[in-house]
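Data first, discussion second: the structure below is written as structure tokens.
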Amino acid sequence: MAAIKLENVSKKFGNTLALNNVNLAIEPNKIYGLLGRNGAGKTTLLNLVTNKIFQDQGTVTINGEPVYENEKMLNKVFYMVEEDLYPEHLKVKQIFSWTKVFYSKMDFDYANALAQKFGLDTNKKVKQLSTGYNSIFKAIVALASNAEIIIFDEPILGLDANHRDLFYKELIKNYSNHPKTIIISTHLIEEVSDVLEEAIVIKEGEIILKQSVEELLSSAYKVSGESEKVNQYIEGKEVIGEETMGQYKEVTLLESSKKKNETLAKDLNLEFGKVELQKLFINLTNA
Ligand SMILES: Nc1ncnc2c1ncn2[C@@H]1O[C@H](COP(=O)(O)OP(=O)(O)OP(=O)(O)O)[C@@H](O)[C@H]1O
Numbered sequence: 015m016a017a018i019k020l021e022n023v024s025k026k027f028g029n030t031l032a033l034n035n036v037n038l039a040i041e042p043n044k045i046y047g048l049l050g051r052n053g054a055g056k057t058t059l060l061n062l063v064t065n066k067i068f069q070d071q072g073t074v075t076i077n078g079e080p081v082y083e084n085e086k087m088l089n090k091v092f093y094m095v096e097e098d099l100y101p102e103h104l105k106v107k108q109i110f111s112w113t114k115v116f117y118s119k120m121d122f123d124y125a126n127a128l129a130q131k132f133g134l135d136t137n138k139k140v141k142q143l144s145t146g147y148n149s150i151f152k153a154i155v156a157l158a159s160n161a162e163i164i165i166f167d168e169p170i171l172g173l174d175a176n177h178r179d180l181f182y183k184e185l186i187k188n189y190s191n192h193p194k195t196i197i198i199s200t201h202l203i204e205e206v207s208d209v210l211e212e213a214i215v216i217k218e219g220e221i222i223l224k225q226s227v228e229e230l231l232s233s234a235y236k237v238s239g240e241s242e243k244v245n246q247y248i249e250g251k252e253v254i255g256e257e258t259m260g261q262y263k264e265v266t267l268l269e270s271s272k273k274k275n276e277t278l279a280k281d282l283n284l285e286f287g288k289v290e291l292q293k294l295f296i297n298l299t300n301a
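Here the numbering used here is used: the first residue of the sequence shown is 15, the next is one more, and so on.
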């Protein structure tokens with residue numbers, strides 16, 4: 015059974031169709047990346063899944079049960095959001111205790127161990143935290159909640175490179191020790207690409223791709239060389255992006271690796287190259 019399922023879900027804000035007839039099944043115990051350009055509908059989708067807003071059409075279920083005002087199901091989900099929702103006069107350690115009220119499996123020892131690793135002082139009040147430490151604090155609460163489903167909306171906002179690296183490591187460790195469903199919505203695609211098992215790409219309120227990152231990367235490649243020869247190579251092939259510099263051309267293709275024609279490329283004196291997830295995303299979501 016899908017951990018989260020959206021069926022024919024649409025949501026409008028005034029004249030803006032934020033989600034257009036979305037069908038999506040999130041399998042349990044996988045790490046998903048929810049990727050989309052600004053205004054694509056990521057937050058709307060996550061807000062619907064967590065019952066913060068309600069769809070105009072369609073159904074949203076968790077483990078087969080509708081999420082609408084379903085506290086039992088909603089307590090299975092921890093949603094780390096960008097905004098500051100915690101009472102800012104409380105100390106970090108008080109929020110750890112407070113979280114336990116809603117998430118009975120909240121692990122204090124683990125939360126404190128993570129705080130130590132990140133150098134977060136749990137005696138500080140929320141309002142005293144810097145931007146980076148505010149994100150770290152929220153990420154720690156999310157990881158230690160032990161919820162069945164954890165959703166991160168831009169979890170690494172303001173984190174320095176070392177802390178981002180530590181966050182990804184701890185996330186993987188947490189997932190390996192206690193497999194769970196994780197959704198990460200982020201614009202820092204290249205950084206997160208090693209962590210993700212599946213990518214969900216949303217564009218203008220529609221899911222345009224949902225695929226294993228490994229499969230996706232193995233079916234994408236670049237071909238470059240003399241423009242005319244590149245044109246010859248790509249005839250009848252699935253091109254998703256191209257760049258021309260004078261006589262030189264580089265195209266990105268997305269198709270079954272079986273269709274990759276090494277012999278033809280050699281005859282035409284063309285070069286193959288790998289495509290990174292971020293570049294693929296740019297190609298898929300441009301225009
Ligand atoms: N409360 C609201 N009132 C009016 N329009 C809204 C509201 N919330 C979202 N929208 C619109 O719905 C669309 C999708 O917004 P959403 O916040 O889901 O995008 P996003 O993918 O999370 O974007 P970003 O990456 O910029 O955070 C946008 O056009 C946005 O302006």
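Where is the CB? At the ideal position from N, CA and C, for every residue including glycine.
DSSP three-state assignment for residue i, whether helix, strand or coil
{"i": "Val-36", "result": "strand"}
{"i": "Gly-55", "result": "coil"}
{"i": "Ser-190", "result": "helix"}
{"i": "Ser-232", "result": "helix"}
{"i": "Met-87", "result": "helix"}
{"i": "Ile-296", "result": "helix"}
{"i": "Val-289", "result": "coil"}
{"i": "Phe-181", "result": "helix"}
{"i": "Ala-175", "result": "helix"}
{"i": "Glu-240", "result": "strand"}
{"i": "Lys-66", "result": "coil"}
{"i": "Leu-8", "result": "Beyond the ends of the chain as shown, which are 15 and 301, falls residue 8; an answer cannot be given."}
{"i": "Gln-246", "result": "helix"}
{"i": "Glu-256", "result": "strand"}
{"i": "Ala-2", "result": "Nothing in the structure corresponds to residue 2, since the chain is present only between 15 and 301."}
{"i": "Asp-167", "result": "strand"}
Cβ shell of residue i (< 7 Å), same chain only, five flanking positions each side left out
{"i": "Lys-280", "result": "none"}
{"i": "Leu-143", "result": "Phe-151"}
{"i": "Leu-292", "result": "At residue 292 the sequence reads Gln, which differs from the Leu that was named. Same-chain partners within the cutoff: Ile-203, Glu-204."}
{"i": "Gly-146", "result": "Gly-172, Leu-173, Asp-174, His-177"}
{"i": "Leu-282", "result": "Gly-239, Lys-243, Gln-246, Tyr-247"}
{"i": "Asn-37", "result": "Leu-20, Glu-21, Asn-22"}
Option in the options with minimal Cα separation from residue i
{"i": "Gly-219", "options": "Leu-20, Lys-25, Ala-17", "result": "Lys-25"}
{"i": "Ile-198", "options": "Phe-286, Lys-56, Lys-263", "result": "Lys-56"}
{"i": "Leu-278", "options": "Lys-293, Gln-246, Phe-92", "result": "Gln-246"}
{"i": "Lys-17", "options": "Leu-230, Val-36, Thr-64, Thr-75", "result": "The question names Lys, but residue 17 in the sequence shown is Ala. The shortest Cα separation from Ala-17 among Leu-230, Val-36, Thr-64, Thr-75 belongs to Thr-75."}
{"i": "Thr-258", "options": "Leu-282, Lys-236, Tyr-147", "result": "Lys-236"}
{"i": "Phe-59", "options": "Phe-166, Val-140, Glu-102", "result": "The residue asked about is misnamed: residue 59 is Leu in this sequence, not Phe. Of the candidates Phe-166, Val-140, Glu-102, the one whose C-alpha sits nearest the C-alpha of Leu-59 is Phe-166."}
{"i": "Gln-261", "options": "Ile-221, Lys-243, Glu-249", "result": "Lys-243"}
{"i": "Leu-230", "options": "Ile-221, Ile-214, Tyr-147", "result": "Ile-214"}
{"i": "Ala-54", "options": "Gly-255, His-201, Pro-169, Leu-268", "result": "His-201"}
{"i": "Ala-32", "options": "Lys-19, Ala-39, Asn-61, Ile-45", "result": "Asn-61"}
{"i": "Leu-210", "options": "Met-15, Ser-149, Tyr-189, Lys-288", "result": "Tyr-189"}
{"i": "Asp-135", "options": "Ile-109, Ile-296, Ser-118, Asp-121", "result": "Ile-109"}
{"i": "Glu-264", "options": "Gly-287, Ala-39, Asn-191", "result": "Gly-287"}
{"i": "Gln-225", "options": "Gly-28, Ala-39, Asn-283", "result": "Ala-39"}
{"i": "Tyr-46", "options": "Leu-128, Ile-186, Thr-266, Glu-290", "result": "Ile-186"}
{"i": "Glu-41", "options": "Ile-248, Lys-19, Leu-48", "result": "Lys-19"}
{"i": "Glu-252", "options": "Leu-223, Thr-266, Phe-27", "result": "Thr-266"}
{"i": "Lys-274", "options": "Glu-249, Ile-296, Glu-83, Tyr-182", "result": "Glu-249"}
{"i": "Asn-84", "options": "Glu-240, Glu-168, Tyr-100, Thr-64", "result": "Thr-64"}
{"i": "Leu-315", "options": "Ser-238, Lys-119, Gly-72, Ile-296", "result": "In the structure as shown, the chain starts at 15 and stops at 301, and residue 315 therefore has no counterpart that could be examined."}
Own chain residues within Cβ distance below 8 Å of residue i, not counting five before or after
{"i": "Leu-180", "result": "Lys-131, Phe-132"}
{"i": "Glu-102", "result": "Lys-139, Val-140, Lys-141"}
{"i": "Ser-233", "result": "Leu-268, Glu-269, Ser-270, Ser-271"}
{"i": "Lys-217", "result": "Gly-50, Arg-51, Ala-54, Leu-298, Thr-299"}
{"i": "Asn-137", "result": "Lys-105, Val-106, Lys-107"}
{"i": "Met-94", "result": "Lys-152, Ala-153, Val-155, Ala-156, Ile-164, Ile-165, Phe-166, Asp-167, Pro-169"}
Cβ-based neighbour list, residue i, same chain, cut-off 6 Å, excluding 5 preceding and 5 following
{"i": "Phe-92", "result": "Ala-156, Ser-159, Ala-161, Ile-164"}
{"i": "Arg-51", "result": "Thr-299"}
{"i": "Glu-79", "result": "Met-87"}
{"i": "Asn-35", "result": "Asn-22, Ser-24"}
{"i": "Pro-193", "result": "Asn-43"}
{"i": "Glu-302", "result": "Past the edges of the chain, shown from 15 to 301, lies residue 302, and the structure says nothing about it."}
{"i": "Leu-294", "result": "Ala-234"}
{"i": "Leu-48", "result": "Lys-56, Ile-197, Ser-199, Ile-214"}
{"i": "Ser-207", "result": "Leu-291"}
Proximity test, residue i beta-carbon vs ligand 3 heavy atom, cut-off 7 Å
{"i": "Ile-248", "result": "As far as ligands go, the structure on display features ligand 1 and does not contain ligand 3."}
C-beta neighbour in chain B for residue i, strict 8 Å
{"i": "Leu-268", "result": "Protein chains in the displayed structure number just one, and chain B is not present."}
**Prompt:** What are the complete beta strand (DSSP E) segments, minimum 3 residues, inside the region 90–162?
**Reply:** Runs found: 91–94.
**Prompt:** Which residues count as close to ligand 1 when the rule is a CB under 5 Å from any of its heavy atoms, in chain order?
**Reply:** Per the Cβ criterion, the list is Phe-27, Thr-30, Ala-32, Gly-50, Asn-52, Gly-53, Ala-54, Gly-55, Lys-56, Thr-57, Thr-58.
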